[in-house]
Structure formats: structure tokens, C-alpha cells
Amino acid sequence: MLTVGVIGTGMIGQDHLRRITRVLAGATVTAVTDVDADLAKRVAEGLPGAVVHQTGEELIADPAVDAVVVCSWGPTHEQYVLAAIAAGKQVFCEKPLATTEEACRRIVAAEVAAGRRLVQVGYMRRYDAAYRALKAAIESGEIGNPLMMHCAHRNAGVPGFYEKESIITDTAVHEIDMVRWMFGEEISSARVLVPRKNRNGGDLQDPLLLILQTEGGALIDVELSVNIRYGYDIRGEVVGEDGTASLGSQSPVVVRGGGRVASPVPLDWRERFARAYDVELQEWIDSVASGGSPTGPSTWDGYAAAVVSDAAVEALRSGSLVAVSLMERPALYEVVA
Ligand code: NAD
Ligand code: ISE
4 MLTVGVIGTG MIGQDHLRRI TRVLAGATVT AVTDVDADLA KRVAEGLPGA
54 VVHQTGEELI ADPAVDAVVV CSWGPTHEQY VLAAIAAGKQ VFCEKPLATT
104 EEACRRIVAA EVAAGRRLVQ VGYMRRYDAA YRALKAAIES GEIGNPLMMH
154 CAHRNAGVPG FYEKESIITD TAVHEIDMVR WMFGEEISSA RVLVPRKNRN
204 GGDLQDPLLL ILQTEGGALI DVELSVNIRY GYDIRGEVVG EDGTASLGSQ
254 SPVVVRGGGR VASPVPLDWR ERFARAYDVE LQEWIDSVAS GGSPTGPSTW
304 DGYAAAVVSD AAVEALRSGS LVAVSLMERP ALYEVVA
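My numbering applies: residue 4 is where the sequence shown begins, and numbers increase by one.
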């Protein structure tokens with residue numbers, strides 16, 4: 004049984020604790036921590052046998068913790084991932100790996116020095132059945148060479164820690180990772196177009212249109228709307244030479260009545276990607292439980308997403324196209340997973 008310590012017991016921390024303790028097999032939670040100590044204590048009450056640590060570093064050093072799950076805010080990820088690597092412990096880090104390119108480079112350097120993969124990043128769309136089917140449809144060759152992709156990433160509202168740039172660094176970063184995986188290519192440039200503002204968004208520049216180009220010339224547009232009220236809606240359509248392939252409807256039911264055809268829309272990411280998170284964490288547990296290495300999104304993927312994310316933030320500020328430049332990929336991360 005893999006013993007797991009969870010840092011950050013907020014929304015996704017609690018959701019992952021629920022799945023590790025009630026849904027998945029092969030792991031048990033032995034420790035939690037949060038800067039909000041009362042919250043950590045309340046959450047631990049539902050976890051028999053789990054202790055509450057004062058700090059993330061203390062949790063990582065606990066001999067009763069084999070592996071660490073980081074679910075705190077993005078700017079705090081680097082310190083915990085570096086501490087886990089230094090302790091030689093496997094760490095599953097929620098996205099983003101870190102919030103700057105420099106921080107991700109420090110994590111790459113530490114993991115390369117350790118000589119083995121110790122980090123997996125929580126880009127769960129790679130585990131979603133609809134995204135996997137879309138990738139398989141492209142790889143079957145049925146629509147010919149993929150040329151473009153239209154995406155929409157819509158949130159009903161945003162969390163308290165959301166800042167002006169979070170629409171890129173916290174939200175669009177999922178499409179940035181997904182596109183690298185879907186097309187099997189790195190992204191070479193980013194630009195951002197800015198329409199008039201949504202009145203629900205306060206000071207945020209919401210919505211945005213992010214345009215990415217891959218090294219091979221594919222163009223991807225992403226509509227980002229993060230205060231659209233009606234629900235959580237994730238869309239994607241790949242345009243190929245001979246046809247298109249899209250994510251299917253996620254709704255299990257369609258109701259016809261009262262002169263309307265209606266389907267429910269998920270409230271948020273917990274509902275839309277519930278099964279993807281289950282598969283993601285189960286595969287991580289299975290891969291690291293007996294001393295193995297993780298097989299999911301790597302430190303390189305976290306680094307590449309951060310560099311593109313930085314470029315998109317600059318594109319938002321400047322209004323210009325910003326080129327992406329990645330360092331040479333260390334041998335530890337041979338292929339784009
Ligand atoms: P949240 O605010 O609900 O929870 C974060 C928790 O971390 C809070 O309880 C906070 O007190 C705690 N925290 C902050 N700094 C800390 C520190 N230094 N040490 C310990 N605890 C600390 O936020 P959330 O929505 O759960 O997001 C947390 C992370 O998960 C973010 O990086 C976010 O991008 C990511 N996330 C990923 C997905 C996904 O789809 N994969 C979905 C939601 C959130
Ligand atoms: C959140 O942190 C997530 O990762 C969700 O998947 C995303 O849709 C949302 O915009 C983010 O705030």
C-alpha cells in the first residue's frame with residue numbers, strides 16, 4: 004500500500020483525498036497539511052489514521068509518507084516539488100508545475116541530477132475518454148493531416164486566488180498542454196486577441212482568444228471565458244485535410260419537453276473531468292507504488308507548458324505575436340508523452 008501525504012486541502016485537495024480514500028485502490032492517506040491549519044484539521048477528521056503537519060516540508064520528511072500530492076496554490080508548487088525530489092520521494096503535483104519558466108528549470112535541473120523521474124504533473128485531460136478518442140481519431144488518419152483546432156474553455160466563475168493573468172496561467176494552460184499532446188509537437192508561438200469585456204468578470208480581461216501555432220504549422224484557437232455563468236463547457240474540434248473530429252457531447256441525458264430540447268451542463272471541472280482524475284491518479288499510484296517511475300505528464304511537460312504560458316501572458320500584455328523558445332530537452336524526457 005502506497006502511503007500518501009497531501010499538501011493543500013482546498014477544492015482539488017479534498018476531491019483527490021476523496022478519490023484516494025473512497026474510489027481508488029493501492030494507496031492510503033497518512034498525512035495532510037494546509038497553511039489554513041483549521042481547514043487541514045477539519046479535513047483530517049474524515050481521514051482515520053491521517054496526521055496533520057504544520058508545514059509541507061514537515062509532511063515530506065515524514066517517514067510514514069512514501070509519496071506526496073501537491074494541491075496548494077501554483078506559486079507554492081516549486082518549493083514542495085523540490086523538497087520531495089531532495090527527499091527522493093515521488094510527487095504528483097497539480098498543474099501548473101510552477102508559475103514561471105525559471106522555477107520549472109530549477110525542477111528540471113533537480114530531477115535530472117536525481118537521475119530518475121520523480122514528478123508527475125496533473126494535466127488530466129490526457130486521461131479523459133473524449134480527448135483520448137479525439138487523439139485516436141486523428142492518429143487513425145481518417146481526417147487526413149490535422150491542420151487546425153478550435154477550442155473553448157468556459158468556466159461559470161473563477162476561484163478566489165484568480166488574478167489577471169490566471170486566465171492564461173491557470174486556465175488556458177490546460178489547452179497548452181493538451182495541444183502539445185494531441186499534435187505531438189511543441190508550440191512555437193502565441194498571440195492573444197482581446198474582445199470587449201464580460202460584465203461578470205470585474206477587472207479581469209475576460210473573455211480572451213488565444214492563438215497558438217505548433218512547430219509544424221498547425222493553428223489552434225482557444226476561446227477562454229471564465230465568468231460565463233451557465234456552466235463548465237469544454238469544446239474541441241480538430242480540422243484535418245479530409246474531415247473534422249470533435250469532442251462529443253458529455254451529457255448522459257437529453258430532455259425534450261415544453262417546446263425545448265435540453266441537456267444538463269456540468270457545474271465545474273470536478274464534474275466534467277471526474278473520471279479523468281480517477282484514471283490519472285490510479286495510473287500514478289500503480290506506476291510508483293512498487294518503486295517504479297511515473298508514466299504521465301513529466302517535468303518537461305510542465306516546463307514546456309510554463310514557457311508557452313509565459314509567452315501567452317506577454318502576448319496579452321503586448322498585443323504582439325510572441326515566439327516560444329525551449330531549452331534542449333534532457334535525455335530523461337525523451338519523447339513528448
Ligand atoms: P483552493 O484555494 O481551493 O485550495 C488550495 C489550498 O492550498 C488552500 O486551502 C490554501 O490554504 C492552501 N495553500 C496555499 N498555500 C499553501 C502552502 N504554501 N502550503 C500548504 N497549503 C497551502 O484551490 P484549488 O482550486 O484546489 O487549486 C489548487 C491547485 O490545484 C492550483 O494549482 C490549481 O491550478 C490546481 N487545480 C487543478 C485542477 C485541474 O483541473 N487539474 C482543478 C482545480 C485546481
Ligand atoms: C482550475 O484551476 C482548473 O484547473 C480547471 O480545470 C480550469 O477549468 C479552471 O479554469 C481553473 O481555474
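Even for Gly, the Cβ is constructed at its ideal location relative to N, Cα and C.
What is the chain-ordered set of residues for which the beta carbon lies under 5 Å from any non-hydrogen atom of ligand 2?
Ordered along the chain, the selected set is 158, 173, 174 and 272.
For residue 327, does the count of other Cβ atoms within 10 angstroms reach 16, so buried, or fall short, so exposed?
Stepping through the sequence shown from its first residue, residue 327 is reached at position 324. Buried.
Could you have a look at residue 18 and say whether DSSP puts it in helix, strand or coil?
On the sequence shown, residue 18 is found 15 positions in, with the first residue counted as 1. In the structure shown, residue 18 sits in a helix (DSSP, three-state: H, G or I).
Mind checking residue 196: buried by the 16 CB within 10 Å criterion, or exposed?
Taking the first residue of the sequence shown as 1, we reach residue 196 at position 193. Residue 196 comes out exposed.
Based on the DSSP output, what are the partners of residue 245 in its beta bridges?
Locating residue 245 in the sequence shown gives position 242, where the first residue counts as 1. Residue 245 is not bridged to any residue.
Taking all protein chains shown into account, do 16 or more other C-beta atoms lie within 10 angstroms of the C-beta of residue 81, making it buried, or fewer, making it exposed?
Within the sequence shown, the letter at position 78 stands for residue 81. Result: buried.
Do you know whose CA, among 4, 76 and 5, lies nearest residue 36's CA?
The sequence position of residue 36 within the sequence shown is 33, counting from 1. With distances taken between Cα atoms, residue 36 lies closest to 76.
Determine, using beta carbons only, whether residue 6 and residue 68 come nearer to each other than 8 Å.
Along the sequence shown, one-based indexing puts residue 6 at 3. Along the sequence shown, one-based indexing puts residue 68 at 65. Yes.
Just curious, the alpha helix (DSSP H) that residue 186 is in, first and last residue?
Your numbering for residue 186 matches position 183 in the sequence shown. Start and end: 176 to 186.
Report whether the distance from the Cβ of residue 303 to the nearest heavy atom of ligand 1 is below 7 Å.
On the sequence shown, position 300 is the one that residue 303 refers to. False, no ligand heavy atom lies under 7 Å from that Cβ.
Short check: CB of residue 115 to CB of residue 335, under 8 Å?
In the sequence shown, the residue the question calls residue 115 occupies position 112. In the sequence shown, the residue the question calls residue 335 occupies position 332. Yes; because the gap between Cβ atoms is below 8 Å, this pair is in contact.
Can you give me the start and stop residues for the alpha helix (DSSP H) that residue 302 sits inside?
Here residue 302 refers to the residue found at position 299 when the sequence shown is read from its first residue. Its alpha helix (DSSP H) spans residues 302 to 321.
Would residue 264 be called buried (16 or more neighbouring beta carbons within 10 Å of its own) or exposed?
As a position in the sequence shown, residue 264 is number 261, starting the count at 1. Exposed is the call here.
Quick one: Cα of residue 49 to Cα of residue 20, how far?
What you label residue 49 is simply residue 46 of the sequence shown in a count that begins at 1. What you label residue 20 is simply residue 17 of the sequence shown in a count that begins at 1. Each residue's alpha carbon lies about 10 Å from the other.
Along the chain, where does the alpha helix (DSSP H) that runs through residue 57 open and close?
Counted from its first residue, the sequence shown places residue 57 at position 54. Where residue 57 is concerned, there is no enclosing alpha helix (DSSP H), given that its DSSP letter is neither H nor E.
Using the Cα positions of residue 333 and residue 85, report the straight-line distance between them to the nearest angstrom.
Mapped onto the sequence shown, residue 333 falls at position 330. Mapped onto the sequence shown, residue 85 falls at position 82. Roughly 18 Å separates the two Cα atoms.
Is residue 276 near ligand 3, in the sense that its beta carbon is under 7 Å from a heavy atom of that ligand?
Absent from the structure shown: ligand 3. Ligands present: ligand 1 and ligand 2.
Grab me the residues of residue 42's own chain with a C-beta within less than 6 Å of its C-beta, minus the 5 sequence neighbours each way, in chain order.
By one-based count along the sequence shown, residue 42 stands at place 39. Correct list, in chain order: 12.
Are the beta-carbon atoms of residue 300 and residue 83 separated by less than 8 Å?
Walking along the sequence shown from the start, residue 300 turns up at place 297. Walking along the sequence shown from the start, residue 83 turns up at place 80. No, they are not a contact pair.
Looking at the unbroken beta strand (DSSP E) that takes in residue 265, where does it start and where does it end?
Sequence index remark: in the sequence shown, residue 265 carries index 262 (1-based). From DSSP, the beta strand (DSSP E) with residue 265 extends over 263 to 265.
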